[in-house]
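Colleague:
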Amino acid sequence: MTGPHAAFILAAYAIGVTVIGGLIVWTIADWRAQSKALAALEARSPRRGPGR
Amino acid sequence: MGLISAVSSLANPARFAAFATKALPWLAGLSAALLAVGLYMALFVAPADYQQGETVRIMFLHVPSAWLGMMAYVIMAVASIGVLVWRHPVADVSAKAAAPLGAAFTFLALATGSLWGKPMWGTWWVWDARLTSFLILFLMYLGLMALRSAMEEPSRAAKACAILTLVGSVNIPIIKFSVDWWNTLHQPASVIRAGKPTMDPSILTPLLICAIAFTVLFVTLHLAGMRTELVRRRLRTLRITTASAALAPEPAE
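Set out below in structure tokens:
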């Protein structure tokens, strides 16, 4: 992967890792934040019967 | 019949969330394994192309990203029909979760295409039909996400986004056939075309493995995004219910 165009190839893969890594991190962080908020709200709310 | 009833049972949000929770670890593992194999082949096994030289390695990122950029939009268009015609409860969840993924893969295709274009074409960008229609796809994704976040009422946002998505879907065949309809600097289709792919198997095989890996990754992230969106909607409903209960007058003794 050497040669005169190595910088273009490395830049492309760096952007790829950043974009895809960012998507994965954002997906996990969003899931954790929403689940935590739901658990906190359900713990504060009065019980409303099974499965509700 | 069994498969159809299994798929239609996933229309129930609770069942869908349970299915996603079970499927996600397996899909994530499969994505990681396929990505490892695909990238190893792309970087260390595939030979340099006789014309493109080493820059062909950018194609192993660019082509799968471009396919997924379009596939995400097709998923959103089908989901939009589900929103408008059947008012399917999970359809809008699917459309909303696919938009940021589609935008990210479209951006990646544009960026990697530009990084390939500079050494091969001598320019970062040309306003040819393929590149321009693909840029419009990226702007459509941004517009749809902006429209959704601008509307507070989810059912109104779902309808507006579904209509705009279907209007924008006219761009998908334009992207696909732009290289046939107009004289473009972008080369014509070399994998999905009438007849055999024009690529040598030593390049085609890693490309297809990368495409499968990216697709499984997309499915994983889409499923995860949909599950999160279902939680976000339940959270919203609970917050409204809690706020309404707090504002309701105390019953007379």
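So the protein lines, in turn, are chains A and B.
With the first letter of the first sequence counted as 1, position 6 gets the number 6 in this note's numbering; the numbers rise by one all the way through.
One rule links them: number in this note's numbering = place in the second sequence (from 1) + 1000.
In this text, a Cβ means the ideal position worked out from N, Cα and C, and glycines have one as well.
Predicted, not measured: the structure shown is a model, and the values here were computed from it.
#1: Does the distance from the CB of L1288(B) to the CB of V1216(B) come in under 8 Å?
#2: Spell out a yes or no on whether the stretch 1150-1164 of chain B and the stretch 1082-1101 of chain B are touching, meaning 3 or more CB-CB pairs, one atom from each, closer than 8 Å.
#3: For F1034(B) and T18(A), what's the separation of their Cα atoms in angstroms?
#4: For D1049(B), which of helix, strand or coil comes out of DSSP?
#5: Indicate whether A1046(B) and I1203(B) have their beta-carbon atoms separated by less than 8 Å.
#6: From L10(A) to M1226(B), what does the alpha carbon distance come to, in whole angstroms?
#7: Who are the near neighbours of A43(A) in its chain, counting only those whose CB is closer than 7 Å to its CB and skipping five residues on each side?
#8: Within 8 Å (strictly less), CB to CB, does I1203(B) reach chain A?
#9: Is the shortest distance between the beta-carbon of V25(A) and the beta-carbons of chain B less than 8 Å?
#10: Alpha carbon to alpha carbon, what distance is there between K1196(B) and P1206(B)?
#11: Residues of chain B with a CB under 7 Å from the CB of G3(A): which are they?
#12: Whose Cβ in chain B lies nearer than 7 Å to the Cβ of A37(A)?
#13: Rounded to whole angstroms, what is the Cα-Cα separation between W1181(B) and V1170(B)?
#14: What's the gap between the Cα of G16(A) and the Cα of E1054(B)?
#15: Taking a Cβ distance cut-off of 8 Å, strictly less, list which residues of the stretch 1106-1139 of chain B are near chain A, in chain order.
#16: Give the DSSP-derived three-state secondary structure of A33(A) in the structure shown.
#17: Can you list the residues of chain A that V1045(B) reaches, using a CB-CB cut of under 9 Å?
#18: Determine whether the beta carbon atoms of P1025(B) and V1090(B) lie at a separation below 8 Å.
#19: For a contact defined as C-beta to C-beta under 7 Å, what are the partners of A1224(B) on chain A?
#20: Please identify the residue among A1245(B), R1232(B), L1247(B) whose C-alpha is closest to the C-alpha of A39(A).
#21: Report buried or exposed for V1083(B), applying the criterion of at least 16 other Cβ atoms within 10 angstroms of its Cβ.
#22: Can you list, in chain order, the residues of its chain with a C-beta nearer than 7 Å to that of L1115(B)? Leave out the 5 residues immediately preceding and following it.
#23: What residue does the alpha helix (DSSP H) around T1205(B) start on, and which one ends it?
#24: Would DSSP call A1023(B) helix, strand or coil?
#25: Using beta carbons (cut-off 8 Å, strictly below), is I1058(B) in contact with chain A?
#26: By the criterion of Cβ-Cβ separation under 8 Å, what are the contact partners of A11(A) in chain B?
Modeller: With the given structure in hand:
#1: Given a span of 1001 to 1253 for chain B in the structure shown, any question on residue 1288(B) remains unanswerable.
#2: yes
#3: Along the second sequence, one-based indexing puts residue 1034(B) at 34. Along the first sequence, one-based indexing puts residue 18(A) at 18. At residue 1034(B) the sequence reads Leu, which differs from the Phe that was named. Cα-Cα distance, rounded: 18 Å.
#4: By 1-based counting over the second sequence, the position of residue 1049(B) is 49. Strand at D1049(B).
#5: Here the question's residue 1046(B) lines up with position 46 in the second sequence. Here the question's residue 1203(B) lines up with position 203 in the second sequence. Their beta carbons are under 8 Å apart, which means A1046(B) touches I1203(B) by this criterion.
#6: Here the question's residue 10(A) lines up with position 10 in the first sequence. Here the question's residue 1226(B) lines up with position 226 in the second sequence. About 33 Å.
#7: The sequence position of residue 43(A) within the first sequence is 43, counting from 1. So the list is empty, once near-sequence residues are dropped.
#8: Counting from one through the second sequence, the residue named residue 1203(B) turns up at place 203. For I1203(B), the answer is no, since every Cβ of chain A falls outside 8 Å of its Cβ.
#9: Start at 1 with the first residue of the first sequence, and residue 25(A) comes out as number 25. Taking Cβ atoms only, chain B never reaches closer than 8 Å to V25(A), which makes this a no.
#10: For the purposes of this step, residue 1206(B) is taken as residue 206 along the second sequence, with counting starting at 1. For the purposes of this step, residue 1196(B) is taken as residue 196 along the second sequence, with counting starting at 1. Rounded to whole angstroms, P1206(B) to K1196(B) spans 17 Å at the Cα level.
#11: One-based indexing of the first sequence puts residue 3(A) at position 3. By Cβ distance, chain B contributes G1053, E1054.
#12: In the first sequence, the residue the question calls residue 37(A) occupies position 37. What A37(A) touches in chain B: L1235.
#13: Here residue 1181(B) refers to the residue found at position 181 of the second sequence. Here residue 1170(B) refers to the residue found at position 170 of the second sequence. Those two C-alpha atoms are separated by around 15 Å.
#14: Here residue 16(A) refers to the residue found at position 16 when the first sequence is read from its first residue. Here residue 1054(B) refers to the residue found at position 54 when the second sequence is read from its first residue. Cα to Cα, the separation comes out at about 17 Å.
#15: F1107, L1108, A1111, T1112, L1115, W1116, K1118, P1119
#16: Counting from 1 along the first sequence, the entry for residue 33(A) is found at position 33. A33(A): helix per DSSP, three-state reduction.
#17: Position 45 of the second sequence, counting from 1, holds the residue named residue 1045(B). The premise fails here: V1045(B) is roughly 12 Å from chain A at the closest Cβ pair, so nothing lies under 9 Å.
#18: Here residue 1025(B) is taken as the residue at index 25 of the second sequence, counted from 1. Here residue 1090(B) is taken as the residue at index 90 of the second sequence, counted from 1. No, they are not a contact pair.
#19: Taking the first residue of the second sequence as 1, we reach residue 1224(B) at position 224. Ordered by position in chain A, the residues that pass the 7 Å Cβ test against A1224(B) are T27, W31.
#20: Here the question's residue 39(A) lines up with position 39 in the first sequence. Considering only alpha carbons, the answer is R1232(B).
#21: The residue you call residue 1083(B) lines up with position 83 of the second sequence. Label assigned to V1083(B): buried.
#22: As a position in the second sequence, residue 1115(B) is number 115, starting the count at 1. If we look at L1115(B) and ignore the five residues flanking it on each side, its Cβ neighbours are I1058.
#23: If you number the second sequence from 1, residue 1205(B) lands on position 205. Element bounds for T1205(B): 1201-1247.
#24: Here residue 1023(B) refers to the residue found at position 23 of the second sequence. DSSP places A1023(B) in helix when its eight states are reduced to three.
#25: Mapped onto the second sequence, residue 1058(B) falls at position 58. For I1058(B), the answer is yes, since a Cβ of chain A falls inside 8 Å of its Cβ.
#26: What you label residue 11(A) is simply residue 11 of the first sequence in a count that begins at 1. Neighbours of A11(A) on chain B, chain order: L1115.
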